[in-house]
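Everything below concerns the one structure shown next.
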Amino acid sequence: MFPTAAADDLTGRVALVTGANHGIGAATAVALARLGAAVLVSYLRLADPADPGIPDTYRRNRAGDATEVVERVRAVGGRVVPVEADLADPAVPARLFDIAERELGTVDILVNNASGWLADTFKPAAVDRHGRTLRPVSAESFDTQFAVDARAGALLIAEFARRNVAAQRGWGRVVSLTSGGGDGFPEEVSYGAAKAALVNYTLSAARELAPFGITANAVHPPVTDTGWVTEEVRAAVDDDPHLLRVAEPEEVAEVIVFLAGESGRLVTGNVVQLR
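Numbering (our numbering), first residue to last: 14 to 288.
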């Protein structure tokens, strides 16, 4: 477990967490609130079509609102503002910061967790290695993925930087969630490419914003059970010597919160690979 010492008291800090109605985003919102941060929870209810390779639990999680995470945040004594918004709309990032500033204050912590995830491929294949439906790479699959993971991530970082610096906070944290890797992401090629762009934006922010007391890092979670993990996936993880096990969202949130706290003040410009 990462330390949560007195130095990591986030009382008075404001966090914006995207994709926070379930999974890693929800766990992160609760973990930040537990340390005293006020949290704006951004989310979008998604109506995914039935897919034989994806458990119904995951579809229900993605279709849900923020009621549960709001209750969890309030249960630990946190202040929370839920906002449903589609990050594919380029006007949304600024609107989220407007709401956060009006309701909670200047944002100190930005967690780019939301994703427009889909599985696409260059192969002539209808399903992926986990039995999930595949589609060919197309303008539509590119736009769906890049609008949220790359463009929205960039606009959120830009809004965060502009407002944080203007407010002379002298302290800030950006944490972006990524996936895939340097060798690409077969069967999730647009997802991997969009996440690579987000990592590049985040690492650029680390260098440009360091003089203003802002750190920026990316976290690469391991296979994490947000509802999509099947027994076949668990078996594949067990057989992979590079992976430890399937993680829980709360375990990934611990790392994010470490980077978002004072203990992570010297950690910037990194991609933190979890196994």
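Built from N, CA and C at the ideal position, the CB exists for glycine as well. All values reported here derive from a predicted model rather than from experimental measurement.
Stretch-stretch touch, CB-based, cutoff 8 Å, three pairs: the segment 40 to 52 with the segment 251 to 271: With the cut-off at 8 Å, the segment 40 to 52 and the segment 251 to 271 touch.
Contact between the segment 247 to 266 and the segment 196 to 216 (3+ Cβ pairs under 8 Å): Cβ pair count under 8 Å is below three, so no.
CB of residue 172 within 8 Å of CB of residue 107, strictly: Counting from 1 along the sequence shown, the entry for residue 172 is found at position 159. Counting from 1 along the sequence shown, the entry for residue 107 is found at position 94. A Cβ-Cβ contact shorter than 8 Å links residue 172 with residue 107.
Under the three-state DSSP convention, the category residue 168 falls into: Along the sequence shown, read from residue 1 onward, the residue named residue 168 stands at position 155. It is helical.
From 193, 147, 179 and 32, residue whose alpha carbon lies closest to that of residue 119: Reading the sequence shown from its first residue, position 106 is the one you call residue 119. Closest option to residue 119, Cα to Cα, is 179.
Length-filtered (4 minimum) alpha helix (DSSP H) runs lying within the segment 177 to 245: Counting only runs of 4 or more, we get 202 to 222.
Run of the alpha helix (DSSP H) containing residue 106, from where it starts to where it stops: Working through the sequence shown from its first residue, we reach residue 106 at position 93. Element bounds for residue 106: 105 to 116.
Separation of residue 136 from residue 39, as counted between CA atoms: As a working note, residue 39 is residue 26 in the sequence shown. As a working note, residue 136 is residue 123 in the sequence shown. For residue 39 and residue 136, the gap between their C-alpha atoms comes out near 34 Å.
Reduced DSSP category for residue 125 - H, G, I as helix; E, B as strand; rest coil: Locating residue 125 in the sequence shown gives position 112, where the first residue counts as 1. Residue 125: strand per DSSP, three-state reduction.
Own chain partners of residue 238 with C-beta closer than 8 Å, once the 5 adjacent residues on each side are dropped: Position 225 of the sequence shown, counted from the first residue, corresponds to residue 238. Excluding residues within five positions, the ones whose Cβ falls inside 8 Å are 259, 260, 261 and 262.
CB-CB length for residue 232 against residue 188, believed under 8 Å: Position 219 of the sequence shown, counted from the first residue, corresponds to residue 232. Position 175 of the sequence shown, counted from the first residue, corresponds to residue 188. Contact between residue 232 and residue 188 holds: CB atoms are separated by about 6 Å, below the 8 Å threshold.
Beta strand (DSSP E) segment containing residue 97, residue limits: If you number the sequence shown from 1, residue 97 lands on position 84. Here the beta strand (DSSP E) through residue 97 covers 93 to 97.
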